[in-house]
Each structure stands twice: as C-alpha cells, then as structure tokens.
Amino acid sequence: ANVPPGFLPAQVQNIVLLVTQSLGGTSGNVAVGTIGLSYHPQVIGGAYSQAALSTLPGLPLPTAVQGGTGTINLTQTSQRDFSFTYSLPASSDYVQVAMFLNGPQNLNSALTMAMTIPNGNVVAVQFLDTNGVMAQFNLVGTGTKQNYTMALNNPANVPPGFLNNQVQNIILLLTPNLAGSSGSVTVETKGLAYYPLITGSLYNATALTDVLTLSSTNSGSSGAITVTSTTDHTFAFNYTLPHAGSFVQAIMNANGQNLNTNVVMALTVPSGQKAAIDFPDNGGKVARFLLIGTGAEQNYSMAVNNPENYPLGFQPNQVQAAIVLVTPAYGGSSGAINVENKAP
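Going by the working numbering, the first residue of the sequence shown is number 212, and it counts up by one from there.
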C-alpha cells in the first residue's frame, strides 16, 4: 500500500529528501537523525608547529598518481617535506599522492600534518585499512601553512568497521570539486622515505673516496645482468629488465665499514636514466641515492653523513655494502652501466 506497482524494495539506489512550498511552506529548519551515513569531517587548520607534527610509520614514499587528463608534478626535498603542483581541466579528473605504509600500521591516535593549501580549496586525506575500508578527512585551505589534526581515534570520524590499528595507506586526493582546476600544495610531516636525486659532476679520479670492489650480482623477476669487465676498482655490466617488477643489483661488500662521510663514486649511467645506490647497514636500514645519468662518466657525491639523507636509525658507521640497483622505473628496459671507485 506504500509503494507503486513494480517498485523493487530490494534494489533501492537512492534516497531523496524533497521539500516544496506546498509540503514545507516558504521556509523552515529540518533536523535528520539516522545511522550509517558516510561522513568526511572538515578539518580547519591551526597554527603551524613543527614539534606537533606526527611521525608516519613504515617509511612511506610519496608517489604521484593522476587520472583522466589531470596532471601532477611532485618534488620531495627531505624526510619531512614535499610539494606538488596540479592541473585538473576536466570535471572527472583527479590527482593523488599515495603514501604506502609498508604493512598494517597502528594509527589509533590523532595524526597531525602541516600543509599549505590554496585559500578556499580542500585536500582530502584518505586512510585505507587492510580491508579496504576508508576514513576521509577534508582539509580546508587558507593559503598559509597550518597544522591539520585528524582524529582517527574518534569513532565519529571513521566509518563502521574501520580498523585504525591496521592502516595500510594514506592518500592525498584532489578533484576539481575539492581543489579547483589548478594549484599547488606543500606538505610537511615526519618519517618519510627519501631518496636524494644526485646530479653528477666532471669526472675526477683523484676525488673518488672508497676502495670498493664488485663481489656479486643479483636479479629478480626475469631481470638479467651480465658483467662485462672488472678490475680491483672498476666494473661494468649490461642489464635487461623485461617486466615492471624486474631488477638487477651489483653488490660491493663493505663489511661493516664506516662510511660516515661524503662517498664519491664515478659512474656512467645511460642519458636520462637513473641508477640507485643502496647502502644497507648492519641493522637492515638502507640509505638510497638516485644518480641521474648523462651517458658520460661523472663523479657522484653521496652525503651518507647527512642525517637528512637516510632513515631514522640508519648507522652510517656500520655499512654492509654499496649496491647498484636498477629497475625499469630507474633505468628503462635495458642499458649498460660502468662503475669506478678509488684505486687501492
């Protein structure tokens, strides 16, 4: 008696509250109470304080994602700071900055980040748990740097079933409805993974700092590495990387050496490509530097002695190896790399 013929109560797609003059008069107020609504709290920023910022667990690496015709250009300058510009010309466009937490993490607290968001624009911060349930906070910009605190430990701010002690991912989301057609955002937090980009300088054999020799190679996911020459302080290799997950490594044992210094190596890296140099310590922490190739032999200086360049707890005086790592994202599908260290 309450629904028209053919209405499918088991297949309802939308609920609409309708008010017309004949139903509700010329004006009035309506209060609605229910259970199970989606709710994205609006977060108003407070005064900037670096001391109040939260340390993110899992060493997440900010990674830019774009959809539709949206574009994003992300620059990271430290373990705390990154910024990005964005363009969203179409209504369905979006851009994201994904920060994977490298496994489930306990965020059962209030998390504070600092951002500079264009005045009147909004950045959505999404937290995804291990089951894919998402809590979202909408940060309202003022054009100045402010602290934004997101209370994940308040049940009113998260959907039913959200596991704030098993968060796997943090995503910054911008759409035209939230952030307009273009703009720029700066972010400051603590605990980010950071891989400094190193530009080479003119080759100078006398500036090379450490006696390191090739000890072994490694590869995975159909990656292939062939050593083409080696001496007591130089080596060269060719690589092929047919799949997105492929990688090759050339490993130079350091055996717990103290590399708490500015390490200088000479490399020839294909023009426009990169090679990563990983320095793992005795405890498994890794400092990584990304060397930008020109196709010519150049000196690359890596400040292993600068705490801004390595993760918290890394021990630069107990380095186990120096590893040349190449993936398709760094070095393309194939190429050749030459490495020279200080002669014995």
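Each residue gets a CB set at the ideal place from its N, CA and C atoms; glycine is no exception.
Take residue i and list the residues in its own chain whose beta-carbon comes closer than 8 Å to its own, dropping the five residues that flank it on each side.
i    : result
Y250 : A367, N368, P370
V334 : M326, I328, N349, L350, G352, L383, L384, L385, L389, A390, V396
G247 : P371
T437 : F448, N449, Y450
How many Å lie between residue i and residue j at the Cα?
i    : j    : result
S298 : N332 : 13 Å
A309 : L285 : 11 Å
N429 : S320 : 41 Å
S238 : L229 : 13 Å
T397 : V227 : 39 Å
V422 : T445 : 10 Å
L502 : T451 : 19 Å
V570 : L312 : An answer regarding residue 570 cannot be provided, because it is not within the stretch 212 to 555 covered by the chain.
L322 : S393 : 27 Å
P215 : V223 : 13 Å
T341 : G269 : 14 Å
N358 : L219 : 48 Å
A212 : M345 : 39 Å
I295 : I283 : The amino acid occupying residue 295 in the given sequence is Phe; Ile does not appear at that position. Roughly 7 Å separates the two Cα atoms.
K401 : G543 : 31 Å
P252 : N225 : 22 Å
S302 : P387 : 6 Å
T288 : L267 : 17 Å
Please go through the same chain and pick out, in chain order, the residues whose beta-carbon is closer than 7 Å to the beta-carbon of residue i, but skip the five residues on each side of it.
i    : result
N464 : S426, A532
S482 : G504, T505, G506
G546 : Y450, P481, Q484
L318 : F338, L363, N375, V378
N471 : V515, N516, P527, N528
S433 : P453, H454, S457
A418 : V475, N510
Counting along the chain, where does the beta strand (DSSP E) carrying residue i start and finish?
i    : result
Q253 : 253–255
F556 : Limits of the chain in this structure are 212 at one end and 555 at the other, which puts residue 556 out of reach.
S545 : 545–551
A362 : 356–362
A447 : 445–451
T245 : It is not in any beta strand (DSSP E) - T245 carries neither H nor E in the DSSP assignment.
A346 : 345–351
S322 : For the sequence presented, residue 322 should be read as Leu rather than Ser. From DSSP, the beta strand (DSSP E) with L322 extends over 321–327.
What residues in its chain sit with their C-beta under 6 Å from that of residue i, if we drop five residues either side in the sequence?
i    : result
P300 : T280
S265 : L322, T323
V530 : A465, Q468, L470, F490, D492
P274 : Correcting the residue type first, residue 274 is Thr in the shown sequence and not Pro. The residues are A309.
T538 : F458
T360 : A321, T323
G278 : Y305
Out of the options, state which residue places its alpha-carbon closest to the alpha-carbon of residue i.
i    : options                : result
G314 : V351, I381, Q253       : I381
Y414 : P271, A262, V475       : V475
A447 : T439, F500, F490       : T439
Q509 : G256, S303, D292, I409 : I409
V459 : P453, N473, A477, G431 : G431
K496 : A487, M513, Y521       : Y521
G257 : T437, K356, Y406       : K356
V306 : R499, L478, V336, Q287 : V336
A487 : G217, G278, I548       : I548
Q290 : Y541, A554, L419, P518 : P518
Q316 : N365, G354, A263, P271 : P271
K553 : G494, A263, F500, T424 : T424
Considering just the uninterrupted stretch of the alpha helix (DSSP H) at residue i, what are its terminal residues?
i    : result
Q232 : 232–235
G542 : 539–542
Of all the CB atoms in chain D, is at least one closer than 8 Å to the CB of residue i?
i    : result
N473 : Absent from the structure: chain D. Only one protein chain is present.
query: Can you give, in chain order, each stretch of the beta strand (DSSP E) that sits fully within the stretch 260–317 and has at least 3 residues?
result: Runs of the beta strand (DSSP E) spanning 3 or more residues and lying entirely within the stretch 260–317 occur at 274–278, 282–287, 292–298, 305–316, in chain order.
Practice item. Within the stretch 383–441, note down every full alpha helix (DSSP H) run reaching 4 residues or more, in order along the chain. Key: Whole alpha helix (DSSP H) segments, 4+ residues: 387–390.
- prompt: What are the start and end residues of each continuous beta strand (DSSP E) run of 3 or more residues lying completely inside the stretch 469–534, in chain order?
  reply: Runs of beta strand (DSSP E) with 3 or more residues, each lying fully within the stretch 469–534, are found at 473–479, 485–491, 497–503, 508–514, listed in chain order.
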